[in-house]
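*Asks:* I'd like to ask you about the structure that follows.
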Amino acid sequence: MQKAKGISTKNKWPYLFITPYFLSYAVLSLFPILFTLYISLTDWDLYGNRNFIGLGNYTQLFFHDAFFWKSLLNVIIFMAVYLPALVLMGMLIASLIESKLIRRKTFFRLSVFSAYMTTPVAVGIIFSLLFDWQGGFFNNLLMELGIIHEKINWLGTATSSRWVVILMVFWKNLGYFVMFYTAGMASIDTSIYEAAVIDGASSKNVFLRITIPLLKPINLFLIITSIISGLQLVEEPMLLFSGWASGSSMVGGPDGSTFTPIWYMFDASFNGSAFKYGKGAAIAYGTFLFIALFSVFGMKWINRDGDDK
Numbered sequence: 001m002q003k004a005k006g007i008s009t010k011n012k013w014p015y016l017f018i019t020p021y022f023l024s025y026a027v028l029s030l031f032p033i034l035f036t037l038y039i040s041l042t043d044w045d046l047y048g049n050r051n052f053i054g055l056g057n058y059t060q061l062f063f064h065d066a067f068f069w070k071s072l073l074n075v076i077i078f079m080a081v082y083l084p085a086l087v088l089m090g091m092l093i094a095s096l097i098e099s100k101l102i103r104r105k106t107f108f109r110l111s112v113f114s115a116y117m118t119t120p121v122a123v124g125i126i127f128s129l130l131f132d133w134q135g136g137f138f139n140n141l142l143m144e145l146g147i148i149h150e151k152i153n154w155l156g157t158a159t160s161s162r163w164v165v166i167l168m169v170f171w172k173n174l175g176y177f178v179m180f181y182t183a184g185m186a187s188i189d190t191s192i193y194e195a196a197v198i199d200g201a202s203s204k205n206v207f208l209r210i211t212i213p214l215l216k217p218i219n220l221f222l223i224i225t226s227i228i229s230g231l232q233l234v235e236e237p238m239l240l241f242s243g244w245a246s247g248s249s250m251v252g253g254p255d256g257s258t259f260t261p262i263w264y265m266f267d268a269s270f271n272g273s274a275f276k277y278g279k280g281a282a283i284a285y286g287t288f289l290f291i292a293l294f295s296v297f298g299m300k301w302i303n304r305d306g307d308d309k
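Per the UniProt record's numbering, the sequence shown runs over residues 1 to 309.
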């Protein structure tokens, strides 16, 4: 009896050690998640009463809110351009780094990856200065080369603004893709390449028929995680149009061309004199719904690919 009691007391210690974590999780994560869900079912402007309206915010969001769907369309346009470019350039740069042409591989890996380690605030400021229509680097360079004769307001039109955001996200995430591709290429058994060379395969065929197929799991992982993170894009375009280069602060960019769902959530909740917390919370959960759908679809895709093997 005494022995059983000692074992019971001993088994309690692991639970006591993890209790602080669960308490902090409940206070700092679980409670905000549940409270945000409750807020999304209310009409609350911080100052007045919280009027419970059920699914009213969601009905308005999904069936009557053109800005929400436009923000989703914007991020889909961004991803449709920069994701294929990241996959292509990431593979090419990684294969170049892993080739015999490059000796200082660690230096080049760190050089490429350094952009990914740059904070979104710094990235937004850098690109604001690069594309400043008055004294930006690109305008000055193009005028020096004689390509243009008057300065271009890169952030003044919808089309050019989207391209700037695409370039910004591409530059920041290229190192992330290269890091995964270099790791994947380094893990491929060299005997496979040696056998292909003995059989007379060219470098092009080796890359297309061996390297790319063996990197398929990494491609799936990068594409799915990039879609999920792309739906959460907010800091870069928001800082880009904070007034550094556009001349004045523009919410969503010209004609809402760079509006993202998370930016829309922030604007609805905190911008202006009317704090629409209920609407902002509904936007957050509406975006979460799309992220969850992509996550489930992506996991099924990865698992199906693994089962096929």
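Yeah, the Cβ is synthetic: ideal placement off N, Cα and C, and Gly gets one too.
Note that the coordinates shown come from a computational prediction; the quantities given were computed from them, not determined experimentally.
#1: Below 8 Å between beta carbons: does that hold for V165 and F78?
#2: Considering only residues of the same chain and omitting the five flanking positions on each side of N219, which have a CB-CB separation below 6 Å?
#3: Going by DSSP, what residue range makes up the alpha helix (DSSP H) through W69?
#4: Within the continuous alpha helix (DSSP H) that includes V165, where are the two ends?
#5: For W44, count neighbouring Cβ atoms within 10 angstroms of its own Cβ and tell me buried if that reaches 16, exposed if not.
#6: Sort out for me which residues DSSP pairs D43 with in a bridge.
#7: Using alpha carbons as the reference points, say which of T106, K100 and P217 lies closest to K300.
#8: Should G298 and N57 be called a contact, given that it needs their Cβ atoms to be closer than 8 Å?
#9: Is L22 buried or exposed, if buried means 16 or more other CB atoms sit within 10 Å of its CB?
#10: Are F294 and I227 closer than 8 Å when you measure CB to CB?
#11: Grab me the residues of V169's own chain with a C-beta within less than 6 Å of its C-beta, minus the 5 sequence neighbours each way, in chain order.
#12: Please state whether DSSP places R104 in a helix, a strand or coil.
#13: Return the CA-CA distance between N139 and T118, expressed in angstroms with no decimal places.
#14: Please return the same chain residues whose Cβ sits closer than 7 Å to the Cβ of A268, not counting the five positions on each side in sequence.
#15: In chain order, what residues of the same chain lie with their CB nearer than 8 Å to the CB of T36, ignoring the 5 residues before and after it?
#16: If you measure between the beta carbons of L174 and V112, is that distance less than 8 Å?
#17: Counting beta carbon pairs with one atom in the region 185-193 and one in the region 205-216, are three or more of them shorter than 8 Å?
#18: Taking its Cβ as the centre, do 16 or more other Cβ atoms sit within 10 Å of S128, making it buried, or is it exposed?
#19: Measuring CB to CB, does L41 end up less than 8 Å from G54?
#20: Using beta-carbon positions only, say whether P261 and V75 come within less than 8 Å of one another.
#21: Quick one: give me the first and last residue of the alpha helix (DSSP H) that S191 is part of.
#22: Could you name the residues of the same chain whose beta carbon sits closer than 6 Å to that of P120, not counting the 5 residues immediately before and after it, in chain order?
#23: For F137 and L155, which I take to be in contact (beta-carbon distance under 8 Å), what is that distance rounded to the nearest angstrom?
#24: By Cβ distance below 8 Å, which residues in the same chain neighbour A274 in space, the five residues on each side in sequence not counted?
*Replies:* Let me spell this out:
#1: yes
#2: none
#3: A66 to E98
#4: A158 to S187
#5: buried
#6: N51
#7: P217
#8: no
#9: Strictly speaking, residue 22 in this sequence is Phe, with Leu absent from that position. Classification for F22: exposed.
#10: yes
#11: Y82
#12: coil
#13: 24 Å
#14: K276, K279, G280 and I283
#15: A281, A284 and Y285
#16: yes
#17: yes
#18: buried
#19: yes
#20: yes
#21: T190 to I198
#22: E235 and E236
#23: About 14 Å; that fails the 8 Å criterion.
#24: D45
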